[in-house]
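Step one of this worksheet: look at the structure below.
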Ligand SMILES: [Zn+2]
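Numbering (the numbering used here), first residue to last: 3 to 222.
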């Protein structure tokens, strides 16, 4: 990892850890997600599962919604999604469908993770067979600020954290090297993906062209 990328990764993960502490203050579990490019944050979120009484309101999904509304998924292939805990299967599916180009997390989730448990983040089959829906496999980096992420969980509830550790629910990623950070490179895009990007651009420009007419009509 080059030093600027590493510096940005650590800064963005530090924000995720900070968000996970903010989440606890709001009565949520300690999860925090940031979507960014070159250290510039596009979207960030904490879980809303407790406050909304809705198990689908994970930080990653909320941040992905904001990001897609802001710039559209075609641009998201340039962006990195940072999160303190490995994304679950549901969030990993959304990450692949939203075309995120890179995923960075601190702690692995061997029981619930969308990479460690179910290989959704690195599954070539879904993008190979349905390139119109799923982006190619993103780069996945794990272990960034793992100690800081663990400390936030320990501070949230020391007893619960002991149980989580004993059961192996959250762990420091395996294969530690380069200061415990593990990088799995992205897979290259197929011809189908280039075609899909072209179609997406054409569709977006058509929507933009039509938008003023639609507005005018609404006033009639
Ligand atoms: Zn999730």
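By construction, the Cβ of each residue, glycine as well, lies at the ideal position given by its N, Cα and C atoms.
Candidates the options: closest to residue i by CA position
i           : options               : result
residue 187 : 161, 158, 151 and 123 : 123
residue 45  : 13, 203, 81 and 6     : 81
residue 134 : 14, 8 and 195         : 195
residue 12  : 40, 31 and 101        : 40
residue 115 : 27, 70, 147 and 90    : 90
residue 33  : 73, 169, 156 and 104  : 156
residue 146 : 5, 160 and 183        : 183
residue 69  : 173, 101 and 128      : 101
residue 141 : 152, 94 and 131       : 94
residue 172 : 50, 153 and 125       : 153
residue 99  : 119, 162, 77 and 106  : 77
residue 59  : 25, 130, 113 and 127  : 25
residue 204 : 28, 74, 84 and 30     : 74
residue 28  : 10, 53 and 15         : 53
residue 105 : 162, 160, 166 and 36  : 36
residue 148 : 86, 23 and 170        : 86
residue 8   : 71, 143, 132 and 125  : 143
Rounded distance between the beta-carbons of residue j and residue i, thought under 8 Å
i          : j          : result
residue 62 : residue 96 : 7 Å
residue 64 : residue 38 : So it is not a contact: roughly 15 Å between Cβ atoms.
Residues sharing a beta bridge with residue i, DSSP
i           : result
residue 153 : Its beta-bridge partners do not exist; DSSP assigns none.
residue 46  : 36
residue 185 : 143
residue 173 : 110
* Residue ranges of each beta strand (DSSP E) run of no fewer than 3 residues wholly in the region 76–116, ordered along the chain? -> 82–87 and 104–109
* Check your reading: residues with Cβ closer than 6 Å to ligand 1 heavy atoms -> Look at which beta carbons fall closer than 6 Å to any heavy atom of ligand 1; those residues are 60, 62, 89, 90, 92 and 93.
* **Every unbroken alpha helix (DSSP H) within the region 122–168, with a cutoff of 4 residues, ordered by chain** => 126–131 and 148–158
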